[in-house]
Each structure stands twice: as structure tokens, then as C-alpha cells.
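Trainee:
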Amino acid sequence: MNTTSRICCQPDTIRHIDESFLHTPPSTSTYDAHTVDAHAQSVIPLWKEMEYFKEYKKRLTQYVGRKKAMHIIHEAVYIVSVGTNDFIENYYSPTSSRSKQFTVEEYEDFLIGLAARFLTKLHRQGARKISFTGFGPFGCLPSERATNLFGHGECVEKYNKVAIDINMKLQALIERLCASFPGLKLRFAPTYDLFLHVLHNPSSYGESPTCFFLICWRGLAGKASDVVAGFENAIRGCCGTGRMEMGYFCNEWSHFTCEDPNKFVFWDSVHPSESLNRIFANQTLRTSLAEFL
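Residue numbers (the numbering used here): 12 to 304.
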């Protein structure tokens, strides 16, 4: 169950966890239904994702039988990944009514409530192994830095504080749900600290052709770190100007798209590059997913 707020066709972290298993089409999901309006119907609200899951269960049962279907549902690993659309494309959008309706703390609680209901429904449908990915420092996205004129193009720290605050609330929610549902393995997969460290130390992280799918981190990978070139740009994306373009406007044929995306932390103005997604996938496999696999 991939609920990432994905906008374009750039492969994301979840796909790198097991590319041979996950062949789902790109989708964009959101907790707040108002974000759907902000994206002109290009995103999928979580209630719709749940309907898709129920339909999958129905078809699976018809194909393998109820007993085997429930075994598959129970043993499957579900990765629920929250994105930033509900904030940067909704709450903080000049045209959004949410900022007039809620304080930022109230909006965080509103999203936590939606997440709680979604996870509860997912458990009722048979999910038992769930990894919940938290927010990254979305104040450091190229799109946000580009519009931070009074901050001289630096990270928007109030956005990063929101990410930290809601991550703490998500962890508290996970503890409550685990206590409420015996047998549920719900784990929080943090990305904030790693993401921020990459942004501050881009040359210390990278992907060498000799490593192939093994991600080598300078200082963490022994001798292998000697062959890591590291990221060269952590401020703008590879696509176009790297500051405003995103989604379907970004591809290898786009004007000004860089020649080597592996040198960039970001693919476009809001999405990590494929190389960074592999790093996130590697961390997730070694941490929150380790007990599931």
C-alpha cells in the first residue's frame, strides 16, 4: 500500500525497496481531501486508496481462495508514506482556506486524525505489518528555498519545525495504535535526520557505478567509501532550472535537464533523485523493515 504524495514518474524510495515486486503505476496521494482540489484532481485521497485495496482483496480472494488470500494479506508488508502535499500545496498555498480554518498545530492534529482512521481501517482489512514513513525537512525543498526571498534562499525553518512536530505526533499515534491492536506491527520509519544530513553534507553521500545497487556512504561503508563521488548539488533539482519545475514537466527531454541526475540530491523542485531514494530505501530496509523481511 503506497500512499506517497508522488507527483511525477520519477521512481521513488518504495520502488527501490523491491523493484522486482512493486510495479505499481505512479500515483499521488493525500490525507486532506482539499489537497485534491488544489491539485485539480491529480491526486488520490486516502479513502480512494482504501477502496482500491478492498477491490484488490476481493480479486485476490476470487483468485486464490479466502484462506490463502487472508494469509497473503496478513503476511504482506505495507509501506505508508506521508508526503508534503498537504502542507506545501494546500495549507501554505495562498489560495487555500485551510490556513484560515486551522492553526498549523490544529492542522497537524487534523492530519493525525485522518492518518489514525486510515491505519485503523487498514488493520481491519487484515494488514499486520506496516511501516509508516515520516516527514522530511520539506522547508529545504528547492521550490521552497526559491520562494524564500527574505531568507536569502535558505531553508524555510518554520516548515522544517512543522515536519519535526508532526513526526513526533505520528510516533505517539503509532504507540497508541500498537497498544490498541495486539498483533499489529506498526513501525515508524524516520527520514528527517538522514535527509537533513545529506543536504548539509552532500559530497559525503553518493552512488558509485562500481557499487551498482549497493549504496555506499562515505564514512559508513569502509573502503567502499573511497570510490563514492558524492552529490554535487543539494540546492536545486536536475530538471530545468531545478527550482520550480516538477511532475510531468520533468523528464529527460525537458529543456536544461542535467546530464547526470546521480550528482543531484533532487530530481525536480520537490522530489529526491533516484540516487537519494536508493539511500532512503537502504536505510528503511536496515531499520523499520528489518523485522518484517
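Cβ coordinates follow ideal geometry from the N, Cα and C atoms, glycine included.
Quick one: what's got a C-beta closer than 7 Å to Cys250's C-beta in the same chain, skipping five residues either side?
Mentor: The residue given as residue 250 occupies position 239 in the sequence shown. Only Glu256, Cys261, Ser265, Thr268, Trp278 and Asp279 meet the Cβ criterion.
Trainee: Excluding five sequence neighbours on each side, which residues of the same chain lie with their C-beta closer than 6 Å to the C-beta of Ala245?
Mentor: Taking the first residue of the sequence shown as 1, we reach residue 245 at position 234. Same-chain partners within the cutoff: Leu210, Pro213 and Val276.
Trainee: Tell me the residue span of the beta strand (DSSP E) that contains Ala127.
Mentor: Locating residue 127 in the sequence shown gives position 116, where the first residue counts as 1. Membership of Ala127 in any beta strand (DSSP E) is not indicated; the residue belongs instead to the alpha helix (DSSP H) covering Val115 to Arg135.
Trainee: Provide the residue(s) that pair with Phe277 in DSSP beta bridges, ordered along the chain.
Mentor: Within the sequence shown, residue 277 is the residue found at index 266, counting from 1. Answer by DSSP bridge pairing, in chain order: Gly248 and Pro283.
Trainee: In the DSSP assignment, the beta strand (DSSP E) including Arg254 goes from what residue to what residue?
Mentor: To locate residue 254, count along the sequence shown from 1; it is residue 243. Careful: Arg254 lies outside any beta strand (DSSP E) and carries neither H nor E.
Trainee: Identify, in the order they occur along the chain, each residue of the same chain with its Cβ nearer than 6 Å to the Cβ of Leu197, setting aside the five sequence neighbours on each side.
Mentor: As a working mapping, residue 197 is identified with position 186 in the sequence shown. Cβ neighbours of Leu197 beyond the five flanking positions: Ile141, Ile185, Leu188 and Cys189.
Trainee: Inspect the beta-carbon positions of Phe149 and Tyr170 and report whether they are closer than 8 Å.
Mentor: Position 138 of the sequence shown, counting from 1, holds the residue named residue 149. Position 159 of the sequence shown, counting from 1, holds the residue named residue 170. Closer than 8 Å, so yes.
Trainee: Decide if Val75 is buried, meaning its Cβ has at least 16 other Cβ atoms within 10 Å, or exposed.
Mentor: The residue labelled residue 75 in the question sits at position 64 within the sequence shown. It is exposed - the Cβ of Val75 has fewer than 16 other Cβ atoms within 10 Å.
Trainee: Could you tell me if Leu160 is buried or exposed, where buried requires 16 or more neighbouring beta carbons within 10 angstroms of its beta carbon?
Mentor: Here residue 160 refers to the residue found at position 149 when the sequence shown is read from its first residue. By the neighbour-count rule (16 or more Cβ atoms within 10 Å), Leu160 is not buried but exposed.
Trainee: Please say whether Ala87 and Lys2 have beta carbons closer to each other than 8 Å?
Mentor: Lying before the first or after the last residue shown, residue 2 is absent from the chain, which here runs from 12 to 304.
Trainee: In the DSSP assignment, what are the bridge partners of Leu197?
Mentor: As a working mapping, residue 197 is identified with position 186 in the sequence shown. Paired residue(s): Ile141.
Trainee: How far does the beta strand (DSSP E) with Ser215 in it reach, from first residue to last?
Mentor: On the sequence shown, residue 215 is found 204 positions in, with the first residue counted as 1. Unbroken run through Ser215: none, as it is neither H nor E.
Trainee: Taking Cβ positions, are Gly145 and Pro56 nearer each other than 8 Å?
Mentor: Along the sequence shown, read from residue 1 onward, the residue named residue 145 stands at position 134. Along the sequence shown, read from residue 1 onward, the residue named residue 56 stands at position 45. Result no, Cβ atoms of Gly145 and Pro56 do not sit closer than 8 Å.
Trainee: So, with DSSP's three-state summary, where would you put Ser110?
Mentor: Mapped onto the sequence shown, residue 110 falls at position 99. DSSP places Ser110 in helix when its eight states are reduced to three.
Trainee: Which residue's Cα is closest to the Cα of Ile83: Thr72, Ser104 and Ile90?
Mentor: Your numbering for residue 83 matches position 72 in the sequence shown. That would be Thr72, whose Cα lies nearest to the Cα of Ile83.
Trainee: With distances taken Cα to Cα, identify the nearest neighbour of Ser154 among Leu287, His163, Tyr118 and Arg254.
Mentor: Translated into the one-based positions of the sequence shown, residue 154 becomes position 143. It is Arg254.
Trainee: Considering only C-alpha positions, which residue in the set Gly241, Gln182, Ser104 and Pro193 is nearest to His134?
Mentor: Sequence index remark: in the sequence shown, residue 134 carries index 123 (1-based). Closest option to His134, Cα to Cα, is Pro193.
Trainee: For the beta strand (DSSP E) that Tyr89 lies in, which residues bound it at each end?
Mentor: The residue you call residue 89 lines up with position 78 of the sequence shown. Tyr89 -> beta strand (DSSP E) spans Val88 to Ser92.
Trainee: Give the secondary structure of Pro56 by DSSP, where H, G and I count as helix, E and B as strand, and everything else as coil.
Mentor: To locate residue 56, count along the sequence shown from 1; it is residue 45. Strand.
Trainee: On the CB-based measure, 16 or more other CB atoms within 10 Å of its CB, does Glu100 come out buried or exposed?
Mentor: Counting from one through the sequence shown, the residue named residue 100 turns up at place 89. Buried is the call here.
Trainee: Taking Leu270 as the reference, give the member of Glu243, Arg289, Lys172 and Val281 with the closest Cα.
Mentor: Start at 1 with the first residue of the sequence shown, and residue 270 comes out as number 259. Correcting the residue identity first, residue 270 is Glu in this sequence and not Leu. Glu270 has its Cα closest to that of Glu243, out of Glu243, Arg289, Lys172 and Val281.
Trainee: Between which residues of its own chain and His50 is the CB-CB distance below 6 Å, once the five residues before and five after are set aside?
Mentor: Indexing the sequence shown from 1 puts residue 50 at position 39. Reliability fails at His50, whose pLDDT of 49 lies under 50, so the model's placement of it is uncertain and no value is given.
Trainee: Give the straight-line distance between the Cα atoms of Arg70 and Pro272, rounded to the nearest whole angstrom.
Mentor: To locate residue 70, count along the sequence shown from 1; it is residue 59. To locate residue 272, count along the sequence shown from 1; it is residue 261. So the two alpha carbons sit approximately 39 Å from each other.
Trainee: By the DSSP assignment, the alpha helix (DSSP H) with Cys189 in it spans what residues?
Mentor: Mapped onto the sequence shown, residue 189 falls at position 178. Element bounds for Cys189: Glu168 to Ser191.
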